[in-house]
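One rule links them: number in my numbering = place in the first sequence (from 1) + 2. So the structure is just underneath, and the comments pick up after that.
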Amino acid sequence: MNSSPIPAYNPGEIESKWQQRWEQDGLYHSNIDPSRPKHYALTMLPYPSGDLHIGHWYAMTPSDARARFMRMQGYNVLFPIGFDAFGLPAENAAIQRNIHPKVWTYRNIENMRRQLRSMGAMFDWRREAISSDPEYYRWTQWFFLKLYQHGLAYRKMSPVDWCPHCNTTLAREQVWGEDRHCERCGTPVIKKNLEQWFFKTTQYAEELLRYDGIDWPERVRTLQTNWIGRSEGAAVYFTTQDGDLLEVFTTRPDTLWGATFMVLAPEHPLVEKLTSDEQRPAVEAYVQQTLRQSDIQREAADKEKTGVFTGGFAINPVNGRRIPVWIADYVLMTYGTGAIMAVPAHDERDFAFALKYGLPILPVIARPDGLAKSFAPAASMRSGFAEALSNAGIAFDQNDEGIFVTLQSGQIDSYLNLAKEHLNSGYWNEIVGSRWVFIFENGMWEWESPEAETRILARCKELRSSVREARTLMEMLWKVEFYRDILFHAEYGMMINSAEFSGTPGDRAKAEVTRWLEQIGKGKYAVNYRLRDWLISRQRYWGAPIPIIFCPTCGIVPVPEDQLPVLLPEDVEWKPTGESPLKLHPTWRKTTCPQCGNEAERETDTMDTFMCSSWYHLRYLSPWYHEGPFDPQEYDYWMPVDTYTGGIEHATMHLIYTRFFHKACRDMGITKGGEPMLQLRNQGMVLGEDSEKMSKSRGNVVSPDNLVAAYGADTVRAYLMFFARWDQGGPWSSGGIEGTSRWLRRLWSLALEPAASKPVDETVIRNLRRKVHQTLRSVTRDFREFEFNTIVSALMELLNEMSKAKQAGAYGTPAWEEAVDIYLRMLAPVAPHISEELWERLGKPYSVHTQSWPVVDEDAAREEEITLVVQVNGKVRDRIQVPVNISEEEAKAKALATEGVQRHLEGRSPRQVIFVRGRLVNIVV
RNA sequence: GGGGAAGUGCUGGAACUGGCAGACAGGCAUGACUUAGGAUCAUGUGCCGAAAGGCGUGCGGGUUCAAGUCCCGCCUUCCCCA
Numbered sequence: 003m004n005s006s007p008i009p010a011y012n013p014g015e016i017e018s019k020w021q022q023r024w025e026q027d028g029l030y031h032s033n034i035d036p037s038r039p040k041h042y043a044l045t046m047l048p049y050p051s052g053d054l055h056i057g058h059w060y061a062m063t064p065s066d067a068r069a070r071f072m073r074m075q076g077y078n079v080l081f082p083i084g085f086d087a088f089g090l091p092a093e094n095a096a097i098q099r100n101i102h103p104k105v106w107t108y109r110n111i112e113n114m115r116r117q118l119r120s121m122g123a124m125f126d127w128r129r130e131a132i133s134s135d136p137e138y139y140r141w142t143q144w145f146f147l148k149l150y151q152h153g154l155a156y157r158k159m160s161p162v163d164w165c166p167h168c169n170t171t172l173a174r175e176q177v178w179g180e181d182r183h184c185e186r187c188g189t190p191v192i193k194k195n196l197e198q199w200f201f202k203t204t205q206y207a208e209e210l211l212r213y214d215g216i217d218w219p220e221r222v223r224t225l226q227t228n229w230i231g232r233s234e235g236a237a238v239y240f241t242t243q244d245g246d247l248l249e250v251f252t253t254r255p256d257t258l259w260g261a262t263f264m265v266l267a268p269e270h271p272l273v274e275k276l277t278s279d280e281q282r283p284a285v286e287a288y289v290q291q292t293l294r295q296s297d298i299q300r301e302a303a304d305k306e307k308t309g310v311f312t313g314g315f316a317i318n319p320v321n322g323r324r325i326p327v328w329i330a331d332y333v334l335m336t337y338g339t340g341a342i343m344a345v346p347a348h349d350e351r352d353f354a355f356a357l358k359y360g361l362p363i364l365p366v367i368a369r370p371d372g373l374a375k376s377f378a379p380a381a382s383m384r385s386g387f388a389e390a391l392s393n394a395g396i397a398f399d400q401n402d403e404g405i406f407v408t409l410q411s412g413q414i415d416s417y418l419n420l421a422k423e424h425l426n427s428g429y430w431n432e433i434v435g436s437r438w439v440f441i442f443e444n445g446m447w448e449w450e451s452p453e454a455e456t457r458i459l460a461r462c463k464e465l466r467s468s469v470r471e472a473r474t475l476m477e478m479l480w481k482v483e484f485y486r487d488i489l490f491h492a493e494y495g496m497m498i499n500s501a502e503f504s505g506t507p508g509d510r511a512k513a514e515v516t517r518w519l520e521q522i523g524k525g526k527y528a529v530n531y532r533l534r535d536w537l538i539s540r541q542r543y544w545g546a547p548i549p550i551i552f553c554p555t556c557g558i559v560p561v562p563e564d565q566l567p568v569l570l571p572e573d574v575e576w577k578p579t580g581e582s583p584l585k586l587h588p589t590w591r592k593t594t595c596p597q598c599g600n601e602a603e604r605e606t607d608t609m610d611t612f613m614c615s616s617w618y619h620l621r622y623l624s625p626w627y628h629e630g631p632f633d634p635q636e637y638d639y640w641m642p643v644d645t646y647t648g649g650i651e652h653a654t655m656h657l658i659y660t661r662f663f664h665k666a667c668r669d670m671g672i673t674k675g676g677e678p679m680l681q682l683r684n685q686g687m688v689l690g691e692d693s694e695k696m697s698k699s700r701g702n703v704v705s706p707d708n709l710v711a712a713y714g715a716d717t718v719r720a721y722l723m724f725f726a727r728w729d730q731g732g733p734w735s736s737g738g739i740e741g742t743s744r745w746l747r748r749l750w751s752l753a754l755e756p757a758a759s760k761p762v763d764e765t766v767i768r769n770l771r772r773k774v775h776q777t778l779r780s781v782t783r784d785f786r787e788f789e790f791n792t793i794v795s796a797l798m799e800l801l802n803e804m805s806k807a808k809q810a811g812a813y814g815t816p817a818w819e820e821a822v823d824i825y826l827r828m829l830a831p832v833a834p835h836i837s838e839e840l841w842e843r844l845g846k847p848y849s850v851h852t853q854s855w856p857v858v859d860e861d862a863a864r865e866e867e868i869t870l871v872v873q874v875n876g877k878v879r880d881r882i883q884v885p886v887n888i889s890e891e892e893a894k895a896k897a898l899a900t901e902g903v904q905r906h907l908e909g910r911s912p913r914q915v916i917f918v919r920g921r922l923v924n925i926v927v
């Protein structure tokens, strides 16, 4: 029906045409060029799952647009791509479909290459790297050897998280959720002891906490900081009854005098020796139960604490007290030393545990708020007690049960006297909280030690049969609801009941006790990290083999560098058996020792794929290079990565590993500088139209291939930039993309459809040029700031302006030519195909993508006349058109004279007139 | 429980340093063109009100001539960690 002489916009046709042309011309080949500043833009490499997801487009196309923008800004830009091709899904998919993982993987890569090309991104495909290529994993293995040689890789027997379904060990980061399930298949994990390879990430914990010189989102830095989990405290040397050292880490050495028992992880090596014959059956049952139950998150806060007494005792080094040793699953072998000193009065979990099992509790830190409480049952006090309290200014509530007193600091002594005076025979009274004192007829007993507790408790039981059940004083007090909020606290405060340290204020207590522990040799200042060393062993086939040989004579022998890569055999029975499939291969594991030449065996575990992705940005530099993992010349020119884009989900895994890897390589003399990636930006997630995460089972998956077929890649790219804030993401809208499609079609006809020339007003030209250059200014800024949605909206706005200007006769004028020229340059990074096509059709020299970014003409962008808002008492009452450089006096005078102001002044005279240049006049009456 | 992010029309979102709230889109409505419209074009569209005007950025306070933006308290949602 279209009767216009111009051809229709046919994205499918022009997109494949230009993609071929760019490919032929090597338009996106990036080569070293010392004459230009370099820019290494990196987008996280995809896993070849088979299909490019809309999420890949959402991550990559804005990244591509920005890389293109940087290129037009004069940078020599490298924007490479590749595949993270090792890993479990290949094997799982292979098992289900009976295809070899290699075939599956490379077939997927083939398809995804096609899909990636359909984006029209400026990938330099010559630099493609695939982590499962022998020429790639050769160097992954090489890095392993380097780490091993420098003592940063080691092997130890270790309890590991094991997925019984995938039959493999998992890194801590691959265990998810409260029920601790496998990241891949959702099966709850169990613990298993295996010889495993580790990298010493903890050696870099301190440095990883510093983010000097890198521009990373606050959010990622916080996540990493929490993940590393640094806490300062002390290592304290307890001993067992047999004299074995039992070291604990505590953040609260100031509470040591309140350590009334110890708790070991059930897996702790000393459990066996500590356990008494009597307790052995219970202990062994509990250990078994813990192993069976390790599918539950052992430290869950809401979980009921369980544990068993070993029958053994330890000695508290600060006072020589003998304290019972328990085991409990809430103590983890993987945190600290696998043993804790329990201070039930000031640690919430210890408190719950002690209360449950009737273990002694001794308060050793005063409450910082100084509050104390007392409950006097109705019969316990003589009449007049309430009046006496009132007279003393002490607050209390009273009912049939008795008197409930809350004491401020400073009221405790006078309360004690009053209580003593009014106490009825056969009763006692106590105060709890800031101080712990029991008032009996014959005196006041302070709860200051376990011995005092025993005496007090015995006395109370004599007086009242109802408390006879109580195993501890705290258990007795816990029965009083009124007390519950004051019996426990975990804050710093003045030390009490702590021998010569009693009275030490809370702000000094920790440091002073630590210093003293060091002096007497019972402990030392220590820093503990939640970060664990990186477990890299995987009992899987589809990964890079660990280049190690076990020789009966020589022990652990690294494979010599010149024998790399240790190739994966292809004829392997790769179905999971519980052992590494490589172990079952008839010949592969048999080899000879590189040192003594005798028969030896290969390590059959493969490496965690995060190892592969820790250095892919280096392989991209020169995937063709055979003398090392990367060509030093390429490294020197391109590194470090200038902008890195990808999902926030990698904040604690890949991004910590990569930083560790780079720092370790720096210390081994392989790389330079402290950080591999200078700037990091995270995109959000595209959800399904139902606002839920896209998943096949939900049926809400949006396929980019279909969208490209329906709208063209340019529309899809532009819509993904437009529809949400890039860092936030949001639900897909199939209606929304229509608007973006409409915009590009309007642009097509606006640029190509000629208009009859007619006289044009000078202001039309001026306004057009102003809008063009103002838009250029904001688009330039937004590209710099990764604010892609406002780039597209500004371009839409400009198109609307241009459309009006065209109708007003601007078509064909120099200003029009300039507008179209700048428009296409600004659009080129967003929609590379249509801008190239229009650029050519308008007779401009190939290619729009090698053009420079336009420069703002500040004169043209400048406003000459502006609208001043005129307010009375902050409410808009009128608007006036004024020259932009109007003087304050003139503006105020004009504003006061407006009809709107006069109407609202109602004869009142202004108290104050505020002038904000370029914005408003506010008249205050 | 701790840490972080967010809350703006019917929807996605804009609002740069405190200065006209709702740009740009989607949707909807009306109209034009049309055999037809899921095409295209035009106009309108925060809420209340006939209008004047008033009210409006999760809720409640505060600072200020002026608050979506700053401060205090609270609520809700999401994420991470326990």
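Note that the Cβ used here is the ideal one computed from N, Cα and C, for glycine as well.
Do the segment 57-65 and the segment 722-742 meet, that is, are 3 or more Cβ pairs less than 8 Å apart?
In short, these stretches touch, since the Cβ pair count reaches three.
Helix, strand or coil for H424, going by three-state DSSP, please let me know.
H424: helix per DSSP, three-state reduction.
Please report the distance separating the alpha-carbon of P190 from that of P50.
P190 and P50 have their C-alpha atoms spaced approximately 26 Å apart.
Give the secondary structure of E867 by DSSP, where H, G and I count as helix, E and B as strand, and everything else as coil.
Of the three classes helix, strand and coil, the one that applies to E867 here is strand, per DSSP.
Whose CA, out of P271, N791, E220, lies closest to the CA of M159?
For the residues P271, N791, E220, the minimum Cα distance to M159 belongs to P271.
Please determine, among L409, Q883, T252, D246, the residue with the shortest C-alpha to C-alpha distance to A236.
Residue T252 is the option with its Cα nearest to A236.
Using three-state DSSP, classify L907 as helix, strand or coil.
DSSP, read as helix, strand or coil, puts L907 in helix.
Can you tell which of N12, H55, E453, I458 has its C-alpha closest to the C-alpha of N702?
Its Cα nearest to that of N702, the residue H55 stands out among N12, H55, E453, I458.
With H, G and I counted as helix, E and B as strand and the rest as coil, what does DSSP make of S296?
Residue confidence for S296 is low, a pLDDT of 45 falling below 50, so the modelled location carries little weight; the figure read from the coordinates is stated next. For S296, the secondary structure class from DSSP, reduced to helix, strand or coil, is coil.
Kindly give me the distance between the Cβ atoms of T242 and Q281, rounded to whole angstroms, as I take these residues to be in contact under 8 Å.
Wrong, their Cβ atoms sit about 14 Å apart, outside the cutoff.
Bounding residues of the beta strand (DSSP E) (the contiguous stretch that carries T645):
Here the beta strand (DSSP E) through T645 covers 643-649.
Here's a check: name, in chain order, each residue in its chain whose Cβ is nearer than 7 Å to the Cβ of M335, leaving out the five neighbours to either side.
Closer than 7 Å at the Cβ level, and outside the excluded window around M335, lie P161, A267, E269, H270.
What three-state label does DSSP hand N113 in the structure shown?
In the structure shown, N113 sits in a helix (DSSP, three-state: H, G or I).
Should the segment 383-402 be called in touch with the segment 318-327, which here means at least 3 C-beta pairs below 8 Å?
Contact between the segment 383-402 and the segment 318-327 is absent, because fewer than three Cβ pairs lie under 8 Å.
Residue from I498, R683, Y659 whose Cα sits closest to the Cα of Y1:
Residue numbering for the chain in the displayed model covers 3 to 927; residue 1 lies beyond these limits and cannot be assessed.
Only counting runs of 3 or more residues, tell me where the beta strand (DSSP E) segments fall wholly within the segment 430-467, in order along the chain.
Within the segment 430-467, the complete beta strand (DSSP E) runs of at least 3 residues are 431-435, 439-442, 445-448.
Assuming T608 contacts R540 (C-beta within less than 8 Å), just tell me the rounded distance between them.
About 5 Å separates the two Cβ atoms, so the contact holds.
Residues bridged to S483 by DSSP?
Inspection of the sequence shows that residue 483 is occupied by Glu rather than by Ser. Partner(s): none; E483 has no beta bridge.
Does DSSP put F81 in a helix, a strand or coil?
Correct three-state label for F81: coil.
Applying the 10 Å Cβ sphere with the 16-neighbour rule, what's the burial state of H628?
Per the 10 Å Cβ criterion, exposed.
What does DSSP give as the partner residue(s) for Y156 in the beta ladder?
According to DSSP, Y156 bridges with F200.
Applying the criterion that 16 or more other CB atoms from any shown protein chain within 10 Å of the CB defines a buried residue, is E908 buried or exposed?
With fewer than 16 other Cβ atoms inside 10 Å of its own Cβ, E908 counts as exposed.
Which residues does DSSP list as the beta-bridge partners of E601?
Beta-bridge pairing links E601 to T594.
Consult DSSP for A302 and reduce its assignment to one of helix, strand or coil.
With a pLDDT of 49 at A302, under the threshold of 50, the modelled position of that residue is not reliable, and the figure given next carries that caveat. DSSP places A302 in the coil class of the three-state scheme, outside both helix and strand.
Would S436 and G404 be called neighbours here (beta carbons separated by less than 8 Å)?
No, these two residues do not count as a Cβ contact at 8 Å.
Quick one: what's got a C-beta closer than 7 Å to W259's C-beta in the same chain, skipping five residues either side?
Excluding sequence positions up to five before and after W259, its CB lies within less than 7 Å of the CB of V320, N321, V366, N499, S500, A501, all in the same chain and listed in chain order.
Of the listed residues A712, R779, D823, nearest to T792 (C-alpha basis)
Taking only the C-alpha atoms, the option nearest T792 is R779.
On a CA-only basis, which of V439, L569, W640 is nearest P39? Give me that one, please.
Across the set V439, L569, W640, the C-alpha of W640 shows the shortest separation from the C-alpha of P39.
Assigned exposure category for R129 - 16 Cβ within 10 Å defines buried
With 16 or more other Cβ atoms within 10 Å, it is buried.
Check P36 in the structure and name its three-state DSSP category.
The three-state reading of DSSP puts P36 in coil, since its state is none of H, G, I, E or B.
Could you give the DSSP three-state label for K194: helix, strand or coil?
Per DSSP, reduced to three states, the secondary structure at K194 is strand.
Euclidean distance between Cα positions of K422 and S416
A straight-line Cα-Cα distance of about 10 Å links K422 and S416.
Per the DSSP calculation, R540 is bridged to which residue(s)?
R540 is bridged to T608.
Does N228 pass the burial test, meaning 16 or more other C-beta atoms within 10 Å, or should it be called exposed?
Exposed is the call here.
Is the beta carbon of L746 less than 8 Å from the beta carbon of T777?
Remark: C-beta atoms of L746 and T777 do not approach each other more closely than 8 Å.
Ordered list of alpha helix (DSSP H) runs contained in the segment 94-150, each at least 4 residues:
As for any alpha helix (DSSP H) of minimum length 4 sitting wholly inside the segment 94-150, the runs are 103-120, ordered along the chain.
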